[in-house]
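Enquirer: Please see the structure below; I have some questions.
Residue numbers (UniProt numbering), protein chains in the order written: chain A, 1 to 501; chain B, 1 to 501.
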């Protein structure tokens, strides 16, 4: 182990402290900050990001990285590789381009926030064209440095090591099977007796108590994290201090409850990263696909299962003071609500059956945008055609079409596929975990997540960035990432209606 | 204006952003952070402080400061002087000494937290001796660089420009007059009918609503700040984002209410600093004495006046749902409670009459400790003698004696006098403001602080660090800082019982 490597560890530990500070300040911005502080906070965050960039790209960092030889320890070696990757990405783009892109996305996002409400695509278009132009420029430049295609260079920033060639076959299967599958699911659902959802009000204070109870049940350590409220739910914070948020609707407790379970999946990943490597690049979570797999594994795979619904029903009843035996409040009824499928326009509101369709549309479009095969002017109609071909719906306006998501206005191209890949990985992880550890399934039926969490700690969380997402999925499940486990899961839960799905 | 000066402004703006980050992270630590994150947060804060120190002491800063010539604009010129002051202080001490002192104070503070509860001075003594030894060493070294005596070098770190020679005559007057004054006040108080304090419970939620209402009444801008709960109340946060805290007792609403009014005084100062200079050294608040003068001006001078108590009483009644006309809840009764005087052992619980006695004792002792004329071993008995001679009380144990405050274990010598100087300045500011703007007094009787705030904006808040504390007091009041206004105020309110005191 070289002196240069040890020196790099110290430098990256300082960057990790700065990341922790940025994490808490960003959480505070969404959850605590008074509105009049927004402008100043924006400046503060930009300054800290700038300091972070300066520290990472300082000349002595390049010298140390050139000097360091790969340590024998595989984690140290992976750590050095990840340091090099982060340094290369940080230094790949000329400062002018970075700043121009930051300004263009900030401007576009601002326009989007008002133009979306009135479906005013014409107002958004010039700003979005700027963002796309500068993102393409950055993708080409980054790709040249990394030896990747422009789209792969973008993908790699959210999911290190993932390439378009990994995604295409997975998504091709989905594209082929999904429309028919959705049709079959809806047919069967229509044949079942109607659901009568329990009616509220469901006081926020009680929803909050229930949310915290479920977080603890899943294994969330309340001494190292918090639950709060924000407009857009997220999981953030810092190492050893994982903070999730939700938002409450007093007429329906299910969205907040499932949102908390989703974010708890993210949080358990962050809480399970190896302590010894918390301050180092290799100790970070392994990218967006793995992160999303962990939230979906909890929310979709386990917490919408019939067995968990049966365990959950009496706890929900107790939380809202419902008398035991009240019709419509048992596990069967709750389960019907949790697995209700309904094709719709809005991605973030979609059920797990129709969700991938939203991603397939966006994936094809953003590849075409980055390749220069699609113009922003043609985006709305191309988007609407895509939704129609996969979900059979006619998008009524751009607010519910290509303007619904913040990602593209923010310059986040290459991010969407991770959501669907995460759903695929979650299904694979569930099969593997429950096969390898037969005690997991009966434990979940008792509300006990400890055996599952133990498997995840070993096979996913504890590995951090010591291997690629693809490798971690392969090692944990014995097969490469593909759509088969996901499709089998949908078939079992929604077509067969298997009791253990 | 030189290029070097402009470059310095940019560097110091980055330091100000870092200070904002540290401010929010420190607030979060006391108010929001889950307990398991404490160790990591400690590391993060130390790392950011280290980065701040590195940035301030980087070689190019010295070069720029040497190169810069005083700009013609008086604020820019004061800004450059304050930059030089901060740089000189940061570079004055050898790193070894800074680190040894940081470790010694951290260790001593930790021991103090447990030893205090059992009055175990023997356990504290070695650690406190280390802190004193290293603080003296630092004071000597700092004093040599600054051309100041060791004690003045310490004073200057909390109150730029204030010297022992400014304090001694003020405190000599207090020392001569206070014991007799306290006796007279207590005699008169004993001659008045007994108070029957209203009894609770006073629900926290209602105390909180009342607190926020009073904050707004005084001029606190809720879009640029917050009120929360912490174990030790404070006013912190960042520029444009001023956050105060309090703690609640359901049996007595007065401590939290007066605490909020006190911290609001601090907050109004921070909110009133000149916007154009927020990111620069000259734009910061002008030291501890001025800061304390602002909290005491609100809490003690105005909010414990009879006129304000008369305005306040019906609002307090409404807050707690008390029927109008309930005996013991009118302005006269509330006022009696707000101005109750009782010599006691604990500084932070002291009323405004006996408070300076606590400071006089500490001031003499810490001067002697720094001069080497008093040993830590002799501190407890010297402390107890001091309290006896000024307050006539026999200190029963060190918990209620020299171990009650965190300041000395934390290495904060030279801090205490600012509290009493702040009380003197507050009395002077009140007289000056009410004389110069006759509308202030009748406005306060209507709960309207706007005319007062306007005077403070011009004469105190808006001046930031463009002049020394002494100069700001002199300019605002027409006289140098002294004890006369404070003593006259005590006499009017507590001996004469004047209606307008």
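Even for Gly, the Cβ is constructed at its ideal location relative to N, Cα and C.
Remember, it's a predicted structure, so these values are computed and weren't measured experimentally.
Check whether the Cβ atoms of residue 155 of chain B and residue 414 of chain B sit closer than 8 Å, and answer yes or no.
Expert: Contact: yes.
Enquirer: Verify the CB distance criterion: does residue 347 of chain B have a CB-CB separation below 8 Å to chain A?
Expert: No, no contact with chain A.
Enquirer: When the cut-off is 8 Å and only beta carbons count, does residue 225 of chain B lie next to chain A?
Expert: Yes, residue 225 of chain B lies at the interface with chain A (some Cβ there is under 8 Å from its Cβ).
Enquirer: At a Cβ cut of 8 Å, what residues of the segment 27-46 of chain B count as close to chain A, listed as they run along the chain?
Expert: For the segment 27-46 of chain B, which is checked against every Cβ of chain A, the residues closer than 8 Å are 28, 32, 33, 34, 35, 36, 37, 39, 40, 41, 43, 44.
Enquirer: On the three-state DSSP scale, how would you describe residue 238 of chain A?
Expert: Residue 238 of chain A: strand per DSSP, three-state reduction.
Enquirer: Check the DSSP bridge columns for residue 229 of chain B and list the partner residues they point to.
Expert: Beta-bridge pairing links residue 229 of chain B to B:246.
Enquirer: Can you tell me the Cβ-Cβ gap for residue 428 of chain B and residue 499 of chain B, rounded? I've got them flagged as a contact below 8 Å.
Expert: The Cβ separation is near 21 Å, so there is no contact.
Enquirer: So is residue 395 of chain A buried or exposed if we call it buried at 16+ other beta carbons inside 10 Å?
Expert: So residue 395 of chain A ends up on the buried side.
Enquirer: Applying a beta-carbon distance threshold of less than 8 Å, which residues of chain B neighbour residue 215 of chain A?
Expert: Within 8 Å Cβ-Cβ: nothing; residue 215 of chain A doesn't reach chain B, min ~12 Å.
Enquirer: Have a look at the DSSP bridge pairing and note the partners of residue 252 of chain B.
Expert: Residue 252 of chain B pairs with B:249.
Enquirer: Counting only C-beta atoms, is residue 48 of chain B closer than 8 Å to chain A at any point?
Expert: So, interface residue.
Enquirer: With a CB to CB cut of under 6 Å and the five nearest residues on each side skipped, what residues in its chain are close to residue 262 of chain B?
Expert: These residues qualify, in order along the chain: 295, 299.
Enquirer: If you run the structure through DSSP and keep just helix, strand and coil, what is residue 399 of chain A?
Expert: Helix at residue 399 of chain A.
Enquirer: In three-state terms, what does DSSP make of residue 353 of chain A?
Expert: Three-state DSSP puts residue 353 of chain A in coil, outside helix and strand.
Enquirer: Just curious, the alpha helix (DSSP H) that residue 121 of chain B is in, first and last residue?
Expert: Start and end: 121-146.
Enquirer: Could you tell me the distance, in whole angstroms, from the CA atom of residue 18 of chain A to the CA atom of residue 346 of chain B?
Expert: The alpha-carbon atoms of residue 18 of chain A and residue 346 of chain B are separated by roughly 40 Å.
Enquirer: Assuming residue 504 of chain A contacts residue 369 of chain A under a Cβ cut-off of 8 Å, what Cβ separation, rounded to an integer in Å, is found between them?
Expert: Absent from the structure is residue 504 of chain A, since the part of chain A shown begins at 1 and ends at 501.
Enquirer: Does residue 80 of chain A pass the burial test, meaning 16 or more other C-beta atoms within 10 Å, or should it be called exposed?
Expert: Answer is buried; the Cβ neighbour count reaches 16.
Enquirer: Tell me which residues share the same chain as residue 196 of chain A and place their Cβ nearer than 7 Å to its Cβ, disregarding the 5 neighbours each side in the sequence.
Expert: Excluding positions up to five away in sequence, the list reads 328.
Enquirer: Between the C-alpha atoms of residue 219 of chain A and residue 475 of chain A, what's the straight-line distance to the nearest angstrom?
Expert: In a straight line, the C-alpha of residue 219 of chain A is about 24 Å away from that of residue 475 of chain A.
Enquirer: Just tell me which of A:465, A:14, A:470, A:15 has its CA closest to the CA of residue 274 of chain A.
Expert: That would be A:465, whose Cα lies nearest to the Cα of residue 274 of chain A.
Enquirer: Taking the continuous alpha helix (DSSP H) assigned at residue 85 of chain B, which residues delimit it?
Expert: Per DSSP, residue 85 of chain B belongs to the alpha helix (DSSP H) from 74-92.
Enquirer: From this set, B:270, B:411, B:478, B:286, which residue's C-alpha is nearest residue 467 of chain B's C-alpha?
Expert: The residue with the shortest Cα to Cα distance from residue 467 of chain B is B:286.
Enquirer: Count the other C-beta atoms from every protein chain shown that fall within 10 angstroms of the C-beta of residue 233 of chain A, then say buried if there are 16 or more, exposed otherwise.
Expert: When all chains shown are included, residue 233 of chain A counts as buried.
Enquirer: Whose Cβ in chain A lies nearer than 8 Å to the Cβ of residue 239 of chain B?
Expert: Residues of chain A passing the Cβ test: 40.
Enquirer: Is the segment 236-245 of chain A in contact with the segment 21-40 of chain A, if contact means three or more CB pairs nearer than 8 Å?
Expert: Segments in contact, yes.
Enquirer: For the segment 369-386 of chain A and the segment 138-155 of chain A, state whether three or more C-beta atom pairs, one from each stretch, are separated by less than 8 Å.
Expert: Segments in contact, yes.
Enquirer: When the Cα atoms are used, what is the spatial distance from residue 40 of chain B to residue 53 of chain B?
Expert: Cα to Cα, the separation comes out at about 20 Å.
Enquirer: For residue 113 of chain B, which residues in chain A fall below 8 Å Cβ to Cβ?
Expert: Neighbours of residue 113 of chain B on chain A: none; closest Cβ ~20 Å, over 8 Å.
Enquirer: Go ahead and label residue 257 of chain A buried or exposed: buried means 16 or more other beta carbons lie within 10 angstroms of its beta carbon, across all protein chains shown.
Expert: Buried is the call here.
Enquirer: Closest to residue 13 of chain B by C-alpha separation, out of B:227, B:283, B:321, B:436, would be which residue?
Expert: Ranking the options by Cα distance to residue 13 of chain B, first place goes to B:283.
Enquirer: Using 8 Å as the threshold, is the C-beta distance between residue 107 of chain B and residue 134 of chain B below it?
Expert: For residue 107 of chain B and residue 134 of chain B, no; Cβs fall outside 8 Å.
Enquirer: Please report how far the alpha carbon of residue 91 of chain B lies from the alpha carbon of residue 57 of chain B, in whole angstroms.
Expert: So the two alpha carbons sit approximately 6 Å from each other.
Enquirer: Where does residue 17 of chain A fall in DSSP's three states?
Expert: Correct three-state label for residue 17 of chain A: helix.
Enquirer: Are the C-beta of residue 230 of chain B and some C-beta of chain A separated by less than 8 Å?
Expert: For residue 230 of chain B, the answer is no, since every Cβ of chain A falls outside 8 Å of its Cβ.
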